[in-house]
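Reading through the structure tokens given below for one structure.
In the UniProt record's numbering, the protein residues as written are 1 to 613.
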């Protein structure tokens with residue numbers, strides 16, 4: 001769905017003409033009798049006039065209040081007309097556009113000429129309300145809000161505040177449009193998947209809506225023949241109660257069957273939850289029973305790293321929460337922000353960019369620890385200076401400061417942050433590169449565990465972190481992860497962690513190459529969803545079974561005659577030096593596909609496996 005349309009929505013002020021034209025002051029001119037408070041007395045006596053603002057307000061039957069005709073806001077009958085005018089100017093700009101007063105520059109004592117605007121001038125600019133509704137639709141989708149949100153009174157009043165003429169679609173129309181857009185997009189994705197020749201890998205993401213409904217999104221990734229990576233959302237599924245592994249498995253299998261890729265899916269990357277692991281295990285059992293392609297599943301490296309860091313910060317989480325309160329006040333108050341910037345400059349505690357990330361994610365937690373450890377003097381000074389406004393709830397004791405400093409130094413949080421930042425920003429985050437990052441994290445944790453100069457509670461944190469790291473290493477320790485890693489020319493076998501760099505894996509990898517990529521014919525059959533039972537079902541005439549057996553014999557002979565060439569490709573690839581880390585992996589394989597005509601097919605399939613979900 002293309003959201004970037006040409007008729008960009010403009011603000012109301014950009015569309016409205018100026019409400020009042022510039023008027024020339026006419027000195028010594030008498031007030032004009034507009035017939036609202038006329039009098040038969042001498043003209044020099046001050047006349048009683050009724051404010052022009054009153055015609056935009058409706059007097060209540062009890063004559064005690066006035067109500068705005070545009071928005072219904074009520075005011076006391078005694079409210080000054082100046083306040084009524086400010087209400088109209090602030091909340092309903094352009095309210096008087098149908099009665100513009102135009103005066104011409106004339107000699108002194110000339111009467112003020114009141115001209116009625118022509119019918120064309122009265123015509124207000126027309127907003128594209130359909131485009132506005134599409135923008136609202138986009139907002140609903142990005143915010144994960146249901147279509148019924150547009151029926152909320154506060155939302156309607158907000159739009160009426162900007163323009164009383166705004167017309168929103170009813171909730172049912174938003175729902176119908178969303179369904180039609182999704183149906184159309186799903187059809188396009190299905191058509192795309194039918195024409196690809198490579199394997200597909202999927203990632204799973206889970207969340208609860210504001211209504212506490214459990215959802216799962218399924219995203220597919222693959223690499224085309226031109227070595228371009230593709231990533232498309234396949235479906236968003238509501239997981240039925242009790243939202244366990246069995247329900248996740250059923251929903252996932254249904255999505256794969258809708259797109260017809262259950263016989264081409266190679267790997268699933270999940271969020272490392274118990275239910276997701278159980279669902280992926282059930283899917284593997286099903287696919288193995290169907291005798292389709294080998295299937296594997298791996299945990300999300302980013303989620304695992306987040307779990308490891310949470311274990312390390314568990315003891316000081318309450319202290320981090322207090323610092324977060326200060327950061328939130330800092331972001332909201334210009335006075336506090338100015339004080340903080342001046343003090344950090346005076347104390348030479350670094351340059352701080354405001355607003356500070358005060359989220360509860362790892363990036364926000366790291367910033368909170370950083371404030372205390374790197375701008376502690378400025379933090380204390382600002383809190384003491386504004387202790388009345390901050391109600392003394394943010395003051396940190398010496399023990400709290402010491403605990404945060406120990407954790408920061410002991411766990412080397414700067415290195416943790418650098419690792420996570422590289423993982424998030426790296427454009428070529430393959431499984432092999434993620435394994436390199438995670439292996440570095442494991443080494444850092446091991447170093448912490450071996451330290452004997454820290455309190456027991458800190459060593460306990462390190463042990464809990466180590467358990468999370470070991471769990472990840474156990475789950476990724478399989479031949480499929482190994483093959484995915486070695487096919488990254490920046491990693492190969494040199495930078496693979498020792499836990500999965502097993503001698504048996506290289507033999508299994510060679511066997512997999514020979515079995516699945518030994519000839520273009522076999523590769524084509526496999527990528528199009530070949531199954532062994534298809535042989536028995538194929539063929540024409542009465543000799544179908546004999547033809548199938550003959551085909552199987554011929555296939556084995558072709559594989560045997562080409563085995564040496566395939567092994568030579570793998571051996572040659574692994575014997576060459578690794579390439580620099582800044583190398584674009586897909587571009588490298590595209591340039592070297594002529595040297596490795598069969599190995600590149602394997603790389604195209606396995607490099608689509610995602611390290612994170």
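Every residue gets a Cβ at the ideal spot worked out from N, C-alpha and C, and that includes glycine. Bear in mind that the values here come from a model prediction, so they are computed numbers and not experimental data.
Straight-line gap, residue i to residue j (C-alpha atoms, nearest Å)
{"i": "residue 226", "j": "residue 167", "result": "47 Å"}
{"i": "residue 183", "j": "residue 266", "result": "26 Å"}
{"i": "residue 198", "j": "residue 288", "result": "19 Å"}
{"i": "residue 368", "j": "residue 509", "result": "46 Å"}
{"i": "residue 581", "j": "residue 178", "result": "43 Å"}
{"i": "residue 486", "j": "residue 200", "result": "19 Å"}
{"i": "residue 290", "j": "residue 254", "result": "15 Å"}
{"i": "residue 484", "j": "residue 497", "result": "13 Å"}
{"i": "residue 381", "j": "residue 343", "result": "8 Å"}
{"i": "residue 495", "j": "residue 429", "result": "14 Å"}
{"i": "residue 264", "j": "residue 193", "result": "10 Å"}
{"i": "residue 136", "j": "residue 155", "result": "11 Å"}
{"i": "residue 245", "j": "residue 507", "result": "34 Å"}
{"i": "residue 591", "j": "residue 231", "result": "22 Å"}
{"i": "residue 481", "j": "residue 249", "result": "22 Å"}
{"i": "residue 464", "j": "residue 268", "result": "26 Å"}
{"i": "residue 601", "j": "residue 234", "result": "24 Å"}
{"i": "residue 336", "j": "residue 314", "result": "29 Å"}
{"i": "residue 410", "j": "residue 431", "result": "28 Å"}
{"i": "residue 153", "j": "residue 272", "result": "41 Å"}
{"i": "residue 421", "j": "residue 413", "result": "12 Å"}
First through last residue of the alpha helix (DSSP H) which encompasses residue i
{"i": "residue 195", "result": "Careful: residue 195 lies outside any alpha helix (DSSP H) and carries neither H nor E."}
{"i": "residue 318", "result": "317–332"}
{"i": "residue 588", "result": "585–592"}
{"i": "residue 367", "result": "362–374"}
{"i": "residue 484", "result": "479–486"}
{"i": "residue 412", "result": "Here residue 412 belongs to no alpha helix (DSSP H), and DSSP marks it neither H nor E."}
{"i": "residue 92", "result": "Looking at the DSSP string, residue 92 is not in any alpha helix (DSSP H), and its letter there is neither H nor E."}
{"i": "residue 516", "result": "503–516"}
{"i": "residue 169", "result": "First-last for residue 169: undefined, no H or E at that position."}
For residue i, the first and last residue of its enclosing beta strand (DSSP E)
{"i": "residue 255", "result": "Not the beta strand (DSSP E): residue 255 falls in the alpha helix (DSSP H), residues 245–259."}
{"i": "residue 220", "result": "214–223"}
{"i": "residue 229", "result": "229–238"}
{"i": "residue 266", "result": "265–270"}
{"i": "residue 75", "result": "74–76"}
Buried or exposed by the 16-neighbour rule on C-beta atoms within 10 Å, applied to residue i
{"i": "residue 574", "result": "exposed"}
{"i": "residue 281", "result": "exposed"}
{"i": "residue 606", "result": "buried"}
{"i": "residue 610", "result": "buried"}
{"i": "residue 66", "result": "buried"}
{"i": "residue 299", "result": "buried"}
{"i": "residue 448", "result": "buried"}
{"i": "residue 399", "result": "exposed"}
{"i": "residue 80", "result": "exposed"}
{"i": "residue 237", "result": "buried"}
{"i": "residue 524", "result": "Bear in mind that the predicted position of residue 524 carries a pLDDT of just 38, short of 50, making it too unreliable to give a figure here."}
{"i": "residue 505", "result": "buried"}
{"i": "residue 571", "result": "exposed"}
{"i": "residue 82", "result": "exposed"}
Three-state class that DSSP yields for residue i in the structure shown
{"i": "residue 495", "result": "coil"}
{"i": "residue 208", "result": "strand"}
{"i": "residue 350", "result": "coil"}
{"i": "residue 131", "result": "helix"}
{"i": "residue 284", "result": "helix"}
{"i": "residue 573", "result": "helix"}
{"i": "residue 147", "result": "helix"}
{"i": "residue 69", "result": "coil"}
{"i": "residue 58", "result": "strand"}
{"i": "residue 299", "result": "strand"}
{"i": "residue 203", "result": "strand"}
{"i": "residue 606", "result": "helix"}
{"i": "residue 241", "result": "coil"}
{"i": "residue 453", "result": "coil"}
{"i": "residue 174", "result": "helix"}
{"i": "residue 186", "result": "helix"}
Residue i: CB within 8 Å of a non-hydrogen atom of the ligand MN
{"i": "residue 468", "result": "Here there are no bound small molecules, and the ligand MN is not part of this structure."}
Three CB pairs or more closer than 8 Å across the stretch 133–147 and the stretch 164–183: Taking a contact to require three or more Cβ pairs closer than 8 Å, the stretch 133–147 and the stretch 164–183 qualify as touching.
Taking contact to mean 3 or more Cβ pairs, one atom from each stretch, closer than 8 Å, check whether the stretch 416–427 and the stretch 585–602 are in contact. In short, these stretches do not touch, since the Cβ pair count stays below three.
Is there contact here, the stretch 378–398 with the stretch 296–307, by at least three beta-carbon pairs under 8 Å? Per the Cβ contact rule, the stretch 378–398 is not in contact with the stretch 296–307 (fewer than 3 Cβ pairs under 8 Å).
I want to know whether the stretch 320–336 touches the stretch 364–384 - three or more CB-CB distances under 8 Å. In short, these stretches touch, since the Cβ pair count reaches three.
I'd like to know if the stretch 398–405 and the stretch 293–301 are in contact, where contact means that at least 3 CB-CB pairs between them fall below 8 Å. No: the two stretches stay apart, fewer than three of their Cβ pairs being nearer than 8 Å.
Any chance the stretch 422–434 sits against the stretch 463–471, with 3 or more Cβ pairs inside 8 Å? No, the stretch 422–434 is not in contact with the stretch 463–471.
Are the stretch 218–232 and the stretch 156–163 touching, with three or more C-beta to C-beta distances below 8 Å? As far as the Cβ criterion goes, the stretch 218–232 does not touch the stretch 156–163, which means the pair count is below three.
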